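Student:
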Amino acid sequence: VYEGERNDLKQRHGKGKNTFPNGDVYEGSYENGHRNGHGVYKWKSGVRYSGMYKDDLRNGHGRFVYPDGSKYEGNFEQGKRSGVGVYLYPNGDAYQGEWLNDMKHGNGTYVYKSGSKKTGNWTEGVLSGQGQIIHADHKVVGNWTSSDRMAAPAKIVFPSGYAQDVSDAYFPAAEVPAQ
Numbered sequence: 000v001y002e003g004e005r006n007d008l009k010q011r012h013g014k015g016k017n018t019f020p021n022g023d024v025y026e027g028s029y030e031n032g033h034r035n036g037h038g039v040y041k042w043k044s045g046v047r048y049s050g051m052y053k054d055d056l057r058n059g060h061g062r063f064v065y066p067d068g069s070k071y072e073g074n075f076e077q078g079k080r081s082g083v084g085v086y087l088y089p090n091g092d093a094y095q096g097e098w099l100n101d102m103k104h105g106n107g108t109y110v111y112k113s114g115s116k117k118t119g120n121w122t123e124g125v126l127s128g129q130g131q132i133i134h135a136d137h138k139v140v141g142n143w144t145s146s147d148r149m150a151a152p153a154k155i156v157f158p159s160g161y162a163q164d165v166s167d168a169y170f171p172a173a174e175v176p177a178q
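Under this note's numbering, the residue at position 31 of the sequence shown is numbered 30, and the numbers go up by one with no gaps.
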């Protein structure tokens with residue numbers, strides 16, 4: 000059910016509110032029958048998006064809030080997270096960085112609730128290449144083999160400037176604990 004402005008062709012145009020048969024609700028701007036401009040979409044499930052649309056797809060800056068408490072704020076292209084954005088997880092962790100097609104992709108930092116961080120370059124959601132694991136009392140610099148592990152050799156660097164090279168094939172200190 001649509002309530003709102005229409006153009007001469009009777010298309011949704013201007014401000015309006017649409018309640019879908021499944022219970023979802025969109026309220027915002029329309030242009031020639033399509034969601035365009037700022038709008039708020041509320042899913043029956045409790046998910047809520049507030050932000051920009053282009054041709055019925057999320058496009059530009061927007062914010063998602065999920066029923067589990069997680070949130071995303073950042074850029075969208077063609078309906079997917081793309082560009083720079085911040086995702087807050089329900090457990091208190093956060094990712095801030097680049098996205099492409101709804102996946103972490105490009106430079107970013109994952110911050111654990113504890114304050115520890117892992118930085119580097121993500122490729123289709125997986126860390127790879129050079130990066131760091133940063134703790135309050137030291138950091139580990141090396142190359143990611145997965146999103147949770149660095150390869151040896153790696154280097155542990157302490158705030159005093161002292162650095163220790165580590166070349167063990169298995170280096171537990173370079174592994175990011177699951178939290």
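Glycine included, each C-beta is placed from N, C-alpha and C at the ideal position. From a predicted model like this one, the values you see are computed outputs, not experimental measurements.
Measure the CB-CB distance between residue 91 and residue 84 and report whether it falls below 7 Å.
Tutor: Contact flag unset, no.
Student: Give every residue of the same chain whose Cβ lies closer than 7 Å to the Cβ of residue 78, excluding the five residues on either side of it in the sequence, and list them in chain order.
Tutor: Cβ neighbours of residue 78 beyond the five flanking positions: 56, 57.
Student: Under DSSP, the beta strand (DSSP E) around residue 42 begins and ends at which residues?
Tutor: Here residue 42 belongs to no beta strand (DSSP E), and DSSP marks it neither H nor E.
Student: Report the CB separation of residue 138 from residue 165 in whole angstroms; it is logged as a contact under 8 Å.
Tutor: Going by Cβ atoms, the distance from residue 138 to residue 165 rounds to 13 Å, so no, they are not a contact pair.
Student: Note down, in chain order, each residue of its chain lying with its Cβ closer than 7 Å to the Cβ of residue 140, except the 5 sequence neighbours on either side.
Tutor: Excluding residues within five positions, the ones whose Cβ falls inside 7 Å are 131, 153, 154, 156.
Student: From the DSSP output, which residues share a beta bridge with residue 49?
Tutor: 39, 62, per the DSSP bridge assignment.
Student: I'd like the list of long-range same chain contacts for residue 54, defined as Cβ closer than 6 Å, with 5 residues on each side in sequence excluded.
Tutor: Taken in chain order, the residues that qualify are 33.
Student: What residue range does the beta strand (DSSP E) around residue 75 cover?
Tutor: It spans 70–76 - the beta strand (DSSP E) in which residue 75 sits, taken as one unbroken run.
Student: Could you check where the beta strand (DSSP E) with residue 104 kicks off and where it finishes?
Tutor: Residues 102–110.
Student: When the Cα atoms are used, what is the spatial distance from residue 48 to residue 143?
Tutor: Answer to the nearest angstrom: the Cα atoms are 34 Å apart.
Student: So what does DSSP say about residue 137, is it helix, strand or coil?
Tutor: If DSSP states are grouped into helix, strand and coil, residue 137 belongs with coil.
Student: Going by DSSP, what residues sit across from residue 94 in a beta bridge?
Tutor: 86, 109, per the DSSP bridge assignment.
Student: Would you call the segment 92–100 and the segment 61–68 touching, i.e. three or more CB-CB distances under 8 Å?
Tutor: No: the two stretches stay apart, fewer than three of their Cβ pairs being nearer than 8 Å.
Student: Near residue 181, what residues of its chain come up, given a Cβ to Cβ distance below 7 Å and the 5 sequence neighbours on each side ignored?
Tutor: Since the first residue shown for the chain is 0 and the last is 178, residue 181 is missing from the structure and cannot be characterised.
Student: Could you pull the start and end residues of the beta strand (DSSP E) that residue 181 belongs to?
Tutor: Summary: the structure shown does not reach residue 181, with the chain confined to residues 0 through 178, and so no result is reported for it.
Student: If you run the structure through DSSP and keep just helix, strand and coil, what is residue 8?
Tutor: Three-state DSSP puts residue 8 in coil, outside helix and strand.
Student: Rank 8, 44, 9, 52 by C-alpha distance to the C-alpha of residue 26 and give the top, closest one.
Tutor: Looking at the Cα atoms, 52 is the closest of the given residues.
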